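There are 2 protein chains.
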Amino acid sequence: MMTETIPTESTHSTLVDVLEEEIVLGWLQPRERLVEEDLTRRFGTKRHLVREAIFELERMGLVERVPNKGAVVRSLDPLEVRQVYDVRIALETLAAELIPLPAPPEVTAGLRDIQRRHAAAVDAGDPRAAFHANMAFHNALFAACGNPHLVDLIRQSAKKVHGARSLTAVDPVYLRRACDEHWAMIDALETGDRERLKDLFRDHILPSRDVYLARFGWRK
Amino acid sequence: MMTETIPTESTHSTLVDVLEEEIVLGWLQPRERLVEEDLTRRFGTKRHLVREAIFELERMGLVERVPNKGAVVRSLDPLEVRQVYDVRIALETLAAELIPLPAPPEVTAGLRDIQRRHAAAVDAGDPRAAFHANMAFHNALFAACGNPHLVDLIRQSAKKVHGARSLTAVDPVYLRRACDEHWAMIDALETGDRERLKDLFRDHILPSRDVYLARFGWRK
DNA sequence: GACAACAGGATTGTCAACAATAATGATGAC
DNA sequence: GTCATCATTATTGTTGACAATCCTGTTGTC
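As they're listed, the protein sequences go chains A and B. Note that my numbering gives residue 109 to position 109 of the first sequence, counting from 1, and the numbers run on in steps of one. Note that my numbering gives residue 1117 to position 117 of the second sequence, counting from 1, and the numbers run on in steps of one.
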């Protein structure tokens, strides 16, 4: 039970972000209850806002809500994880096909900036900062495909399996590997090697899926 | 200004459904305001629920909301319409590749049932019923691909451009054409002609896009 | 007449108290 | 001892009232 009060300005979306972060990092475990009043006290905010945040987390697929009963962190069914990853691969492959290659210098420059922050966070052993920098990297990366709606669907799909990433999102081995792959992506963007880019996209997200399935069952 | 009071049981999602319907059918025009208290009276419900419904419509992309100002029916930018349709085609093509062919008889039987209702509504000149039967048809159709998450993304993308369909969703010519195409899809499912199925999917959704773009600009 | 300041109304945003519901534990009959 | 019944508590769901905000029209000043 965490009782620390976070005095940050508690708007609706920051609550969502913080809870999302805690789920990805494993602070909040599957099946753990989310009691509205507890969270209200913990964040020093109003129940009203906590309620909305929980509704949003439910829509994102991170939280399960039973009417009149409450909300718990969703435990992901392995089959569902597999299905979401299938779609993610398809979407990201599509994005890879749409990105103009070689990518313009300002794009790769921006990615380098973000990736430097990402690498620094990983080196510093700060999973929270690494998580955020990682999200920023992927957002900027896929934005290069020029279709904001596609980017949105990719982001949504990624969030849906956030809960499955608590195993790899705090593991230095996987974090470093992700760093290497990010640099490789930037390289592929610059050299204009589309096939390599597609392969990198696919191989980049599969580890988190496989670790999760290895841990929670390969059934079906 | 519609002042009829609809005494239907006004739960959160029914409000969303009704408003969604009115946007697709063109009852609510782009740029038209959605005032919370007006809707509260009109539906004989509580402002609380209307508020949530508006938030959900905003997430769906059907409504635009400016803080402290209010919500209006969103007018779709042609570029955005084009982008969403691009993604829709990609997603539906992917679904077409995943559907096992020939489709099992219970699937096509279910589709036939729905499509009979759809055709009846079109013949009766009831755009509202046609709209709902049409949605049901597509849901059942794509569900056959076996990946609920993909189905969800397809549905979401379709909703995002609902506003662009008010031109074709009430036009008997387009409604009949859609009917024919639905029957053709069932046929392709039964004969197992995957390429034809993909072509049908694509050609089925393009008219609504093209009519919208012809009306509101091909720029870019 | 143009413009700034202000007042009034319309609308959204926030809140805290209350009601409804489900879980938990206690009591008593057999 | 076990089961059904009821009271208690914990938690969510709803409501109406109030506060904050933004738009509009008006007044007064130059």
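Note that CB positions come from ideal geometry on N, CA and C, so glycine has one too. Only a predicted model underlies this, so the values are computations on that prediction, with no experimental measurement involved.
Given that a residue counts as buried once 16 or more other Cβ atoms are within 10 Å of its Cβ, and exposed if not, what is residue i?
| i | result |
| --- | --- |
| Arg1033/B | exposed |
| Ala1053/B | buried |
| Ser1166/B | buried |
| Ser13/A | exposed |
| Leu79/A | exposed |
| Glu1020/B | buried |
| Tyr212/A | buried |
| Asn68/A | exposed |
| Gly1061/B | buried |
| Ala71/A | buried |
| Ala214/A | exposed |
| Gly1163/B | buried |
| Val173/A | exposed |
| Val1122/B | buried |
| Arg88/A | buried |
| Phe1201/B | buried |
| Thr50/A | Here residue 50/A turns out to be Val, not Thr, going by the sequence shown. Buried, because 16 or more other Cβ atoms sit within 10 Å of the Cβ of Val50/A. |
| Thr1005/B | Bear in mind that a pLDDT of 42 at Thr1005/B, under 50, signals an unreliable position, so the number given afterwards is only what the model happens to contain. Burial call: exposed. |
| Leu1028/B | buried |
| Ala188/A | buried |
| Pro1007/B | Because the pLDDT of Pro1007/B is 47, which lies under 50, any placement of that residue in the model is unreliable, and the number read from its coordinates should be weighed accordingly. Flag for Pro1007/B reads exposed. |
| Ala158/A | buried |
| Lys1220/B | Low confidence applies here, because Lys1220/B scores a pLDDT of 47, under 50, leaving its location unreliable and the question unanswered by this model. |
| Thr1011/B | exposed |
Return yes when the Cβ of residue j is within less than 8 Å of the Cβ of residue i, no when it is not.
| i | j | result |
| --- | --- | --- |
| Ile1205/B | Tyr1085/B | yes |
| Arg1074/B | Pro1030/B | yes |
| Thr168/A | Pro207/A | yes |
| Leu1150/B | Ala1095/B | yes |
| Val1081/B | Arg1209/B | yes |
| Lys1160/B | Thr1093/B | no |
| Trp139/A | Arg155/A | The residue you asked about is not Trp; residue 139/A is Asn in the sequence shown. Yes; because the gap between Cβ atoms is below 8 Å, this pair is in contact. |
| Glu1190/B | Thr1108/B | yes |
| Val1024/B | Glu1056/B | no |
| Cys145/A | Ile114/A | no |
| Leu153/A | Leu1039/B | no |
| Glu64/A | Arg47/A | no |
| Val1170/B | Gly1026/B | yes |
| Ala1130/B | Leu1076/B | no |
| Cys179/A | Ala120/A | no |
| Leu111/A | Phe142/A | no |
| Gln1083/B | Pro104/A | no |
Would you give the residue range spanned by the beta strand (DSSP E) that residue i belongs to?
| i | result |
| --- | --- |
| Ala1071/B | Gly1070 to Val1073 |
| Val63/A | Val63 to Val66 |
The alpha helix (DSSP H) that contains residue i, what's its start and end?
| i | result |
| --- | --- |
| Pro100/A | Premise fails: Pro100/A is in no alpha helix (DSSP H) and is neither H nor E. |
| Glu36/A | Glu36 to Phe43 |
| Ala124/A | From DSSP, Ala124/A is part of no alpha helix (DSSP H); its letter is neither H nor E. |
| Leu49/A | Arg47 to Met60 |
> For the segment 1129-1211 of chain B, which segments carrying the alpha helix (DSSP H) assignment without a break, of at least 4 residues, lie completely within its bounds, in sequence order?
Replying inline: 1148-1160 and 1172-1191
> Listed in chain order, which residues of the segment 157-173 of chain A have Cβ atoms closer than 8 Å to some Cβ of chain B?
Replying inline: Ser157 and Lys160
>> By the 9 Å beta-carbon criterion, what residues does the segment 1011-1037 of chain B contribute toward chain A?
In response: none
> What residue ranges within the segment 12-36 of chain A form continuous alpha helix (DSSP H) runs of no fewer than 4 residues, ordered along the chain?
Replying inline: 12-24
> Given a limit of 8 Å on CB to CB distance, which residues of the segment 1068-1090 of chain B reach chain A?
Replying inline: Glu1080, Gln1083, Val1084, Asp1086, Val1087 and Ala1090
> Residues in the segment 1104-1127 of chain B with C-beta within 8 Å of chain A's C-beta atoms, listed in sequence order?
Replying inline: none
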